[in-house]
Structures are given as C-alpha cells and as structure tokens.
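Comments concern the structure below.
2 protein chains.
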Amino acid sequence: MYEEKLIVPRPTIVDRQFTKPLLCGPGPCDIWPSVAEALSKPVLSPLCDELFDVMDDIRAGLQYLFQTKSKLVLAISGSGHSGMETVISNIVGPNETILICCRGIWDDRALEMSKRYGIKTKVHRILFNNTFSLTLIEGIVKILRPKALFITHGDSSTGSVQKLEGLGKLCHKYGALLLVDTVVSLASEPFFMDEWGVDGVYSSTQKGLSGPAGISPIAFSERAQEVIKKRNFKPPFYFDIELLAAQWNCFGNTRQYHHTLSPPLLWALRSCLKEVINETLPKVWARHAETTAHFHKRIEQLSLELLIPKPEDRLVTVTTVVLPKGYDYMEFVKYMRNKHNILIFPGLGPTVGKALRIGIMGVNSTIQVADAIADAMADTLIALKKSSL
Amino acid sequence: MYEEKLIVPRPTIVDRQFTKPLLCGPGPCDIWPSVAEALSKPVLSPLCDELFDVMDDIRAGLQYLFQTKSKLVLAISGSGHSGMETVISNIVGPNETILICCRGIWDDRALEMSKRYGIKTKVHRILFNNTFSLTLIEGIVKILRPKALFITHGDSSTGSVQKLEGLGKLCHKYGALLLVDTVVSLASEPFFMDEWGVDGVYSSTQKGLSGPAGISPIAFSERAQEVIKKRNFKPPFYFDIELLAAQWNCFGNTRQYHHTLSPPLLWALRSCLKEVINETLPKVWARHAETTAHFHKRIEQLSLELLIPKPEDRLVTVTTVVLPKGYDYMEFVKYMRNKHNILIFPGLGPTVGKALRIGIMGVNSTIQVADAIADAMADTLIALKKSSL
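Taken in order, these protein sequences are the chains called E and L.
Going by the UniProt record's numbering, the first sequence opens with residue 1, and the numbers climb by one from there.
Going by the UniProt record's numbering, the second sequence opens with residue 1, and the numbers climb by one from there.
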C-alpha cells in the first residue's frame, strides 16, 4: 500500500574494492588487531551490569593514562572536537575570559568554539614552528587574569610538542585553570595531569591509542570540579559534565541515564587501554621516542629538513618534513599513496605548502614502519625529481 | 626513567564472561550480522575518496529512509541526543520561542535542552497514554506563533506513535517549523518527511535500523535551510549544520574537514541502510506491523492489558504492557532476564510502575522473537504468581 507514496526511490549502494593504505598521516592511524576484534563484541544495553563493568574499566584505564587521581574521568560520545567543546563549555561561561595560546589550527578551533558561547577571547599567538615560553605566558596571565588558559600539548598541524611542566602552577598562581588538548600526544608523549596541574584535558582514540575515532577521553581536576559546582551558566546538554559524571558513576551511587553510549566504541576504547596497560606507559613512551628518533635519523640521511628547528620541540607522533625546492607537496603525497600504498599528509593551516606531515604512532610506532616510510620517501624523491625537476 | 613518576599504578582490566540476552527493551536492539561484520572494516582516513564514497552512500540511503529530496541530510557523530540538540540549536535561537508537545521523557529532554540556549519554551502537555490532536495543536500554534514546534513521532517511554500527516502544513500556515524525533520510529513506522512537511528530523541507529548507537541520522528541509541562512545566532561548533554540510558535501564541491568521523560507525550505518534498501521500506514497515500485531494478539491471550488504549496510537516498535495487580515490574524484568535470557525494560518517566516496555524492532522483528517473548512472559506470569501472590 505504501509503494506509490515513495517519492525517493531505492538508491543503489555498491561495494567497492580498495586497498587500505598504511595510515601514516597525523591520524587516524591503524588500529590494534585486538581493537578490531573488540568492535564486534556484543551490544550492551544501558543500565545493565555488563555495561557498568566496561565503563568502570575505561575510567580506571583513563586515570592511568592521564596520570590523575581525580574521579571526574570518563569518555565523551563524540570525536576529539566534542571533547574540546566539553572542556571549554563546562569551565568558561559567557562574559568570562579565556586565553588561547595559538600556534596551530586546533587552537583556532578552540577560539572559534569559545566565541560561540559569548566567552571573551584573548589570543597569544606565536610563529607556527615555535612553542610557548612559560615566562611570556606568565606575563600575559598576570595582566589578563583569565578564567582559563587553553593550550595544545601536541600540535598535529605543525608537528610540535609544548612543554607543560610548571604551567599549571603558574596558571593557579593567578587564579586561572589550565585546559589542555592531548589529542595527538596522549599515550605517546609523557603526560602527567596531576603533577603538571592540568585542570581540564581531552584526547582522542584514533591517534596514539590506535583505536577508532568517535569517543573522546576527558578529565577534570578537583580544582575544576569546584569551579563547575559554582558556575552560573549551563553548557549544552550533550556536553554537560555534571550529567555525564552521574551517568558514568564518577562519584559513586549514580547510574543516571544521560544518552545512549556506543557499545562498539566502548569495547574498542577498553581494548586500547588494555594494550597500553599491558605494555605500561613508560614503555609506550620509550617505544614512540625510539621509533621517531630512528625516523628523524633516516630523514636527515635523505638530506631533508625538519620543519621544527629545536629538537626538544619536535612531537613524537607527527613529524613535519620540508621538501627541497621544486617538489610539489600534493604530488609527493599522491605518489606515496599510489606507488607505495602509504598515506602521509600535506601541511594544514600554517604549514600548507611548507611541509609533509608524517604520523608514526600507536600500533604503527615500530622501526619497521619508520623504515618503510623512509624507504618509500627515498624512492619518491628520486621518482619525482626525474619527472618534474 | 618515568617509572617513579607514575602516581597512578596500572589498573587490572579483567575479561568477564557473560551471556548476551536477546535485546527486547525499547533499544538498543540486536544488530544485523552484516553490521557486526561492517564494524571491523578498514579505518578510513579523512579527505580520501574511500571515505567520501561511504559518506555519499549514507546520504543517499538516508534520503530514502527519511523520504526526502532535501540535500541537507547527513549523520551526526554522536548518539540520538546529539541529533536532538543539533536540530533544536540550529533552528531556534535565544529569545525565540519553541512549542514543545510533551507526552514522554524525550520531550522533556528537548525542553531542558532548549532552556540552555536561552530559548523561550512553551509546553503543550497531554496525558502520557494519549497522543496529540492536530486541532488542539493548531489552536495553540495560532496564538503562540512559535519559531518551531517539537514533537516526538514514536515515544519509547510510553509506547505511543503520533500521527504527523497534516502537521507540517498546519505549522507552516502560522510560520512555524516542524521538528520531529524519530529515534524509535524510523525504519519501523511509515515516515514521509517531504509529504508531511517535516523541517528538521533526527533519528538513531540502535532501534529500527538494528545498528550500534553513536551516530545520528539527521535531515533539514529547504524551508529550514532558508531559516538557517538568515539566523543571527550560532549553535555549538560540534552541532553546526552549516559546517557539517560542508564536511558531508551536501551541496557539492565542499569536502571541508570539520571533525574526525568514526569509520566503524560509518561502515555500520551504511550496512544498516543497505539492509533497509534491500528489503525496501514498504516491506520493512509491513514486517514490523505484522510482527507486532501478532505479539499484541499473544499479549491479549495472556489476558494482559496494553497501556495505550487506542489501537491506532500504539507504536510498532515498543509495546507497553500493564501487569495484573500484585506483580512487581522490576521482579518481572529480572525473572525474564535470569530465567529466559530476554531483556525487557520496566516503565520510564511517566510509565514507571505502570507498564513493561517491550521492544521488537529491526532484526528482531520476527514472529519467532515475538513468540519467544510471549512464551517467556506466560512462564513468568505463572512463576511469579506462585511465589509472590
């Protein structure tokens, strides 16, 4: 009886063949075999013990990962950007001030997001291939007295890592909270939430954790919790950390339904955390450091220049490489994909036309992968020199 | 070198054995075997053709599912509640009026969300076991002249379905847009977005589509697009439909990165849509109608009462059943799980202590499943009568 009422006919969805490349962009990277398996574990119903166990496992794993004793630790049902929006919208309200330290495109995202909430935004911008001086930041915080300072730990658009040790103490001295993006640094670069005085932090699963995107680990310090309790504004419903804390039972005796969690993503994140726990954080960090040091040596042997001048500023997960004059970045990326089935990325934001972005992280952080990329780059340098120079 | 700096030791994550029950609550329901398989398909990188193809497949499938020729159709990276927040926050701004038709808990959620944006909220509330009269709604819309009217098509907290035919025309007559929740009705109850004049609609994947939660189909009419173009406010960044439309290439020639999509959820949704397309919408609707009619007959044979008095108001996916005096709803639900490994739910919101909520939808909408539930209920009625009455 309904056939004649259908104004949109059935579309045709065809299955296409393709060969997945080795994922060596700034993310997503490849996933652990255990995570691929975990994705098809049984659907869990809300408000049942099996789901609560998985949520508790995830919270325990994230406390280890962030190195925090704070209880307000959970995962947002959305991409890393939903984590960013959760951290900002729960801490800073309309007419309050946020100081955003800008060096890459993620900081500009934080700026754009903040403006939408009527937050007063102040920007401390530096050159894209640099990192921030804590002394300079202190001078600015002292004058502006913002409610919070936003900074990106690892920046995938530039390939730099920001030193955070001491920054929390500095912010707290002037009554500011410290908000940190660790999307492309967590489970790769050393990170100590409590020791560094970080008050709000979020990450993502498709980078160092080698899981699928779509679920965003997040944590707030006790200091942040006090601020949240006293705030006179409300964040969007989906991002309200108080409601989420009640769903995730962060403080005990609450299992209140807030929204329907995604079972495959919960299983996957749990599996990622098991990988890190089994290897241990110090060994995960050491593996990333060794792999990338080896890769940088290979890059130097190819007579290529790293975009980030100071070695201590170079991010362990994403390496930005400058090509010699005459090479085209898009052409280089395409050749790497077509000839070697390795996916690397061109520059983004401030690094467009200035560098390749090569990601080696998570399950891919091995000498073998680093060598495979370097070998393919060596071939590509020759091939494109012949044809275009 | 980092071992001694770890203040949080490694937690232990143990694998627990459990038997997944047949999922017959109001959702999530079980997933198609093809969807379980799709979840572990390869990770797709942003801005690559393979991802674009999957996104295009999903948009075509959703246009069929919603029965709309509108181009502004895509999936939000979040649960159904993120779809709700996207629809509301993109259409109604601070100091504008929304009229919310309240009969179950999802409408109260829409109310709570709206208030957070400084939207003026007006409520038209009816008794939970009833549905709305279009004549009554017209009287209210005529007086209030809201920017939008929010209504839930299928309500999983009460087990009722709202007639929507004619409602769009009525709203448009008074300059209002029609926003509809189809979380528990899409791909189960007939739905015609364009014909019914729906301006904003969202759904979820873990109900009639038999997929995993975490990705929310959404569509806006051309009328809604005009309103969005002229609005003088901005929704949260994560929910901004203009940015999302540019990422999903809704209007052509845009593939702008907005956030990282979740490959397993995209593959899963695509696979759900393929199931519906292969079966065809009229046959999917007929199967749900037949299964549930059979189940209702079995319920009557058990001398049990359906909570929703009018047959035409009864939702095809979720049946609310009143137990005879003396039975305890929680005890009944527990016995069904422990003895028969079938998960059904007690009442929620207005139906707490008033009804069981039994979901038969998607892959589970078969005579076999309906009979299995009814048989188990017959046994439970006897077992709990012996022990407690």
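Think of the CB as a built atom: it goes at the ideal place given N, C-alpha and C, for glycine as much as any other residue.
Note that this is a predicted model, so its numbers are computed, not measured.
Does the beta carbon of residue i sit closer than 7 Å to a beta carbon anywhere in chain E?
i: Tyr329 (chain L); result: no
i: Val123 (chain L); result: no
i: Arg287 (chain L); result: no
i: Phe128 (chain L); result: no
i: Gly168 (chain L); result: no
i: Val141 (chain L); result: no
i: Pro26 (chain L); result: no
i: Val8 (chain L); result: yes
i: Glu290 (chain L); result: no
Buried or exposed: where does residue i fall if 16 or more other Cβ atoms within 10 Å of its Cβ makes it buried?
i: Leu111 (chain E); result: buried
i: Ser303 (chain E); result: exposed
i: residue 390 (chain L); result: Chain L is shown only over 1 to 389; residue 390 (chain L) falls outside these bounds and no answer can be derived.
i: Tyr329 (chain L); result: buried
i: Ala355 (chain L); result: buried
i: Gly353 (chain E); result: exposed
i: Leu127 (chain L); result: exposed
i: Tyr335 (chain E); result: buried
i: Thr247 (chain L); result: The amino acid occupying residue 247 (chain L) in the given sequence is Gln; Thr does not appear at that position. Classification for Gln247 (chain L): buried.
i: Leu136 (chain L); result: exposed
i: Ile344 (chain E); result: buried
i: Val35 (chain L); result: buried
i: Asp57 (chain E); result: buried
i: residue 401 (chain L); result: Because chain L here runs from 1 to 389, residue 401 (chain L) falls outside it and cannot be looked at.
i: Met1 (chain E); result: exposed
i: Glu189 (chain L); result: buried
i: Thr12 (chain L); result: exposed
i: Lys274 (chain E); result: buried
i: Asn129 (chain E); result: buried
Does residue i get closer than 7 Å to chain L when you measure Cβ to Cβ?
i: Glu85 (chain E); result: yes
i: Thr260 (chain E); result: yes
i: Ala60 (chain E); result: yes
i: Leu178 (chain E); result: no
i: Gln256 (chain E); result: no
i: Phe332 (chain E); result: no
i: Phe18 (chain E); result: yes
i: Leu389 (chain E); result: For Leu389 (chain E), the predicted model reports a pLDDT of 48, less than 50, meaning its position is unreliable and no value from the coordinates is stated.
i: residue 394 (chain E); result: Missing from the structure shown is residue 394 (chain E); chain E here goes from 1 to 389 and no further.
i: Gln63 (chain E); result: yes
i: Leu269 (chain E); result: no
i: Glu242 (chain E); result: no
Could you tell me whether any non-hydrogen atom of the ligand GDP is closer than 6 Å to the CB of residue i?
i: Leu22 (chain E); result: With respect to small molecules bound, the structure shown includes none, and the ligand GDP cannot be examined in it.
Considering only residues of the same chain and omitting the five flanking positions on each side of residue i, which have a CB-CB separation below 8 Å?
i: residue 397 (chain L); result: The first residue shown for chain L is 1 and the last is 389, placing residue 397 (chain L) beyond what the model contains.
i: Asn232 (chain E); result: Gly93
i: Ala383 (chain E); result: Tyr335, Lys339
i: Arg109 (chain E); result: His81, Met84
i: Gln17 (chain E); result: none
i: Ser388 (chain E); result: Residue placement at Ser388 (chain E) cannot be trusted, given a pLDDT of 48 that sits under 50; what the coordinates show is reported in the next sentence. Taken in chain order, the residues that qualify are Gly326, Tyr327, Asp328, Glu331.
i: Arg10 (chain L); result: none
i: Val8 (chain L); result: none
Our contact map puts residue i next to residue j with C-beta atoms below 8 Å; I'd like the distance itself, whole angstroms only.
i: Leu72 (chain L); j: Ala219 (chain L); result: 6 Å
i: Ser271 (chain E); j: Trp32 (chain E); result: 7 Å
i: Met84 (chain L); j: Gly208 (chain L); result: At roughly 17 Å, the Cβ-Cβ gap does not stay under 8 Å, so Met84 (chain L) and Gly208 (chain L) are not in contact.
i: Arg298 (chain L); j: Ala374 (chain L); result: 4 Å
i: Ala176 (chain L); j: Ala148 (chain L); result: 6 Å
i: Ser185 (chain E); j: Ala75 (chain E); result: Actually they do not touch by this definition, with Cβ atoms about 17 Å apart.
i: Val322 (chain E); j: Glu305 (chain E); result: 4 Å
i: Val198 (chain L); j: Leu315 (chain L); result: Actually they are not in contact, since the Cβ atoms of Val198 (chain L) and Leu315 (chain L) sit about 18 Å apart, beyond 8 Å.
Given residue i, which residues of its chain have a CB within under 7 Å of its CB, disregarding the five upstream and five downstream residues?
i: residue 392 (chain L); result: Nothing can be reported for residue 392 (chain L): it is not among the residues displayed for chain L, which extend from 1 to 389.
i: Ser89 (chain E); result: Tyr117, Pro235, Pro236, Phe239
Could you pull out every residue in the same chain whose Cβ sits closer than 6 Å to the Cβ of residue i, ignoring the five residues on either side in sequence?
i: Gly200 (chain E); result: Val87, Ile91, Leu179, Phe220, Ala224
i: residue 390 (chain E); result: In the structure as shown, chain E starts at 1 and stops at 389, and residue 390 (chain E) therefore has no counterpart that could be examined.
i: Glu50 (chain E); result: Leu44
i: Val363 (chain E); result: Asp30, Trp32, Ser210
- Task: Please list the residues of the segment 35-56 of chain L that have a C-beta atom closer than 7 Å to any C-beta atom in chain E, keeping them in chain order.
- Result: Cβ contacts with chain E: Ala36, Leu39, Ser40, Pro42, Val43, Ser45, Glu50, Asp53.
- Item | Chain-ordered residues of the segment 346-370 of chain E with a beta carbon less than 9 Å from chain L | Those would be Leu348, in chain order.
- Message: Output needed in chain order: residues of the segment 103-121 of chain L with a Cβ under 7 Å from some Cβ in chain E.
- Response: Hits within the stretch, in order: Glu112, Met113, Arg116.
- Query: According to a CB-to-CB cut-off of less than 8 Å, which residues of the segment 179-194 of chain E neighbour chain L?
  - Reply: Per Cβ criterion, the list reads Pro190, Phe192, Asp194.
- Contact residues within the segment 305-330 of chain L, judged by C-beta distance below 7 Å to chain E: Taking 7 Å as the cut-off between beta carbons, none of the residues of the segment 305-330 of chain L comes near chain E.
- Item | Interface residues of the segment 206-231 of chain E facing chain L [CB-CB below 9 Å] | Only Gln206, Pro212, Ala213, Gly214, Ile215 from the segment 206-231 of chain E bring a Cβ to less than 9 Å from some Cβ of chain L.
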